[in-house]
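I have placed the structure first, in the form of structure tokens, so that the comments after it can refer back to it.
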Amino acid sequence: MEQDIILDMNGIKKSFNQVEVLHGVHLTLKKGEIHALLGENGAGKSTLMNILGGVHQPDDGQIKLNGETIKMENPRISQEQGVSFIHQELNVVTDLTIYENMFLGSEIRTKWGFLDVKEMCRQTSDVLAKLGMNVDPKTLVSELEASFKQMIEIAKALLRDSKIIIMDEPTTSLTDNEVERLFDIMRSLKDSGVSIIYISHKLKEIQAVCDRYTVLRDGHFIENGNMKDTDLAKIAQLMVGKSVSTAAFYHKGDKGEPVLAVKNLTSDGLFKNINFSIAKGEVVGFTGLAGDGRTELFESIFGFRKKYRGVIEVNGQPVKINHPQKAVKAGIGLLPKNRKENAIIKDLNVIENMSLSSMGHFEKQGLISSKSEQAKFQHYKDQLNIKVHDPKVTIDSLSGGNQQKVVIAKWLEVNSDVIIFDNPTQGIDVGAKNEIYQHIMSLAEQGKAIIILSSEAPEVLRVCEKINIMFHGEITGRFNREDLTEEIIMEYATGAKREAENVG
């Protein structure tokens, strides 16, 4: 075995309820490398990492650290062996300070038994300084930006002197600048001998920061290698098991009267002088950089935010929308970007999440007809290809792509005329992305007016017929798809260009 390999997971098997989810998988990790662990949702990545993290025990196979066989019987043993797991949902307590989060469960005490706040703050400051963070350790975590919360998780790993750090989708809620800052820190950790296992669906990020890769598919090891010896198309094909098309999905909708029109919509400090309209069958995109105001704009249109001026018209009639119920009644649906917090209720089952906004459709004599609910869900399950063995399981047991399909089914049942998708493929693997795009196109062909909000320029270019670019709460440019490139989008999204003739 190579001298610089510090982790060797070999022949790892794992079953749940007699269903084998890992079929003799292996993974090697070198000292001081950033290693991409790739695969679609359900490929087995999380299970494999939970075995390394001591959450699950393998049914077969072995784990070697620095050539020594180790049994990761629980998370504490894993941490003691120098392994830290930074989950997608950050494990920070926002009501506590930074230093309290850093030492939660392992507080330092004086010889008299009191908390040694001074020493904990000192150690916290030292670790944060290594990450280039000049921030008071007594700052409440709730006051920090998303990227700083991410850094606290990394700082906790360094405080424990971790040699292996697992990062699961760490850039989901970060801006482009914050992503670059994270990558700089990852490279610095790598130079100091720390090894990182990096899980992400964003293949361009993988290409930018990773040294090697391992691909899993359906619980099987598929391939590993050096990033410099492959390309993104090949990796996508390995993940999905077939060639993945990157062709455009967009089509030209039938021109007709606007189903939704917005005139001079303004909310102080968030967005101003917004004008646009969308007709049935059109797919219109809004893009820009984080903080451009597009999410706040459509949260206002959907009634989440009430402090705005201007006019919203639905089918030519002015409407005052100050509550989501009024938006739904007006025929507007919204799939929010933070699916787990705002689009699903994790403790409810799949069918209940589907019918949540249309309970009256299944009511008979004051009671909900479960038979009607199940029949309707089966209809959407077939239509949207929702993969679930039992619709009565909680929705959080589904992959991200299938959760998103359930949310789409919810708005189909409501029969919304306008459906707003905010970052529709966030946290969804490359294969499921194409499926979601196909469903969006199908909805447009049925006459639905579709609005796509996305920070990813390739996404709006693939899906949208018309694209609005925002910067600091304003639409700085609006284009037809064929007149636009990623480079042009970036010029308008950064404020470098603004063409008066393109904006209303």
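Residue numbering for the sequence shown follows my numbering, beginning at -17 and increasing consecutively. Where is the CB? At the ideal position from N, CA and C, for every residue including glycine.
* Just checking, does the region 304 to 316 make contact with the region 463 to 477 on the three C-beta pairs under 8 Å criterion? -> no
Is the beta carbon of LYS172 sitting closer than 8 Å to the one on ILE16? Start at 1 with the first residue of the sequence shown, and residue 172 comes out as number 190. Start at 1 with the first residue of the sequence shown, and residue 16 comes out as number 34. Their beta carbons are under 8 Å apart, which means LYS172 touches ILE16 by this criterion.
* To do: Ignore the nearest five residues each way along the sequence and tell me which others in THR248's own chain have a CB closer than 8 Å to its CB.
  => As a position in the sequence shown, residue 248 is number 266, starting the count at 1. Excluding positions up to five away in sequence, the list reads LYS254, ASN255, ILE256, TYR290, ARG291 and GLY292.
| message | For GLU483 and LYS448, what's the separation of their Cα atoms in angstroms? | response | Numbered from its first residue, the sequence shown carries residue 483 at position 501. Numbered from its first residue, the sequence shown carries residue 448 at position 466. For GLU483, the predicted structure reports a pLDDT of 43, less than 50, and the residue's modelled location is therefore unreliable. The matter cannot be settled from this model.
If you check the beta carbons only, do GLY201 and HIS69 fall under 8 Å apart?
As a first step, residue 201 must be located in the sequence shown, where it is residue number 219. As a first step, residue 69 must be located in the sequence shown, where it is residue number 87. For GLY201 and HIS69, no; Cβs fall outside 8 Å.
*Should GLN63 go down as buried or exposed, given a rule of 16 or more other Cβ atoms within 10 Å for buried?*
As a working note, residue 63 is residue 81 in the sequence shown. With 16 or more other Cβ atoms within 10 Å, it is buried.
| field | Helix, strand or coil at MET133 according to DSSP, with G and I counted as helix | value | Within the sequence shown, the letter at position 151 stands for residue 133. Helix.
Given VAL241, which residues of its chain have a CB within under 8 Å of its CB, disregarding the five upstream and five downstream residues?
-> As a working note, residue 241 is residue 259 in the sequence shown. Within the same chain, VAL241 has close Cβ partners ILE260, ALA261, LYS262, VAL296, ASN297, GLY313, ASP399, VAL400 and ALA431.
task: With DSSP as the reference, label ASN257 as helix, strand or coil.
output: For the purposes of this step, residue 257 is taken as the residue at position 275 of the sequence shown. Reduced to three states, the DSSP call for ASN257 is strand.
Exercise. Leaving out five residues before and five after LEU(-11) in sequence, what residues of the same chain have Cβ atoms less than 8 Å from its Cβ?
Worked result: Position 7 of the sequence shown, counted from the start, is the residue given in the question as residue -11. If we look at LEU(-11) and ignore the five residues flanking it on each side, its Cβ neighbours are LEU9, THR10, LEU11, LEU34, ILE45, LYS46, LEU47, ILE146 and SER177.
key: Simplified DSSP assignment, three categories, for TYR474   = Taking the sequence shown and counting its residues from 1, the one referred to as residue 474 is at position 492. Residue state, collapsed to three classes: helix.
Practice task
Use the C-beta contact count for GLY486: other C-beta atoms within 10 angstroms, 16 or more gives buried, fewer gives exposed.
Solution key: Taking the sequence shown and counting its residues from 1, one reaches residue 486 at position 504. Confidence is the limiting factor: at GLY486 the pLDDT is only 41, short of 50, which leaves the residue's position unreliable and the question unanswerable from this model.
Within 10 Å of its beta-carbon, does GLN385 have 16 or more other beta-carbons around it, so buried, or fewer, so exposed? Working through the sequence shown from its first residue, we reach residue 385 at position 403. The residue in question, GLN385, is buried, as its Cβ has 16 or more Cβ neighbours within 10 Å.
### Query
What residue does the alpha helix (DSSP H) around ASP(-10) start on, and which one ends it?
Locating residue -10 in the sequence shown gives position 8, where the first residue counts as 1. First-last for ASP(-10): -13 to -2, but that is the beta strand (DSSP E), not the alpha helix (DSSP H).
**Asked** Secondary structure at ILE327, three-state DSSP: helix, strand or coil?
**Response** On the sequence shown, residue 327 is found 345 positions in, with the first residue counted as 1. In the structure shown, ILE327 sits in coil (DSSP, three-state: anything other than H, G, I, E or B).
**Item:** Residue from LYS120, ARG142, ASN335 and ASN246 whose Cα sits closest to the Cα of ASN66
**Value:** Walking along the sequence shown from the start, residue 66 turns up at place 84. The residue asked about is misnamed: residue 66 is Ser in this sequence, not Asn. Of the candidates LYS120, ARG142, ASN335 and ASN246, the one whose C-alpha sits nearest the C-alpha of SER66 is ARG142.
Helix, strand or coil for PHE359 per DSSP?
Residue 359 sits at position 377 when you count from the first residue of the sequence shown. Residue state, collapsed to three classes: helix.
| Quick one, which of LYS27, GLU151, TYR474 and LYS392 has its alpha-carbon nearest ILE204's? | Counting from 1 along the sequence shown, the entry for residue 204 is found at position 222. Here the closest residue by C-alpha is LYS27.
Any chance the region 51 to 63 sits against the region 72 to 82, with 3 or more Cβ pairs inside 8 Å? no
Requested in this report: With a 10 Å radius around its C-beta and 16 neighbouring C-beta atoms as the bar for buried, classify GLN299 as buried or exposed.
Outcome: Position 317 of the sequence shown, counted from the start, is the residue given in the question as residue 299. Per the 10 Å Cβ criterion, exposed.
* Please classify ASP150: does DSSP put it in a helix, a strand, or coil? => Numbered from its first residue, the sequence shown carries residue 150 at position 168. DSSP places ASP150 in strand when its eight states are reduced to three.
request  = Express the C-alpha separation of THR476 and LYS210 in angstroms, rounding to a whole number.
outcome  = Working through the sequence shown from its first residue, we reach residue 210 at position 228. Working through the sequence shown from its first residue, we reach residue 476 at position 494. The straight-line gap from Cα to Cα measures roughly 31 Å.
task = Check the C-beta distance from ILE181 over to LEU316 and give it rounded, since I have them as a contact under 8 Å.
result = By one-based count along the sequence shown, residue 181 stands at place 199. By one-based count along the sequence shown, residue 316 stands at place 334. The Cβ separation is near 28 Å, so there is no contact.
Check your understanding: Excluding the five sequence neighbours on either side, which residues of its own chain have a C-beta within less than 7 Å of the C-beta of SER(-3), listed in chain order?
Key -> Here residue -3 is taken as the residue at index 15 of the sequence shown, counted from 1. Once the five neighbours on either side are set aside, the close Cβ partners of SER(-3) are VAL3 and ASP41.
Q) Are at least three pairs of beta-carbons, each pair with one atom in the region 361 to 368 and one in the region 376 to 396, less than 8 Å apart? A) yes
Determine whether the beta carbon atoms of THR79 and THR121 lie at a separation below 8 Å. As a first step, residue 79 must be located in the sequence shown, where it is residue number 97. As a first step, residue 121 must be located in the sequence shown, where it is residue number 139. Their beta carbons are under 8 Å apart, which means THR79 touches THR121 by this criterion.
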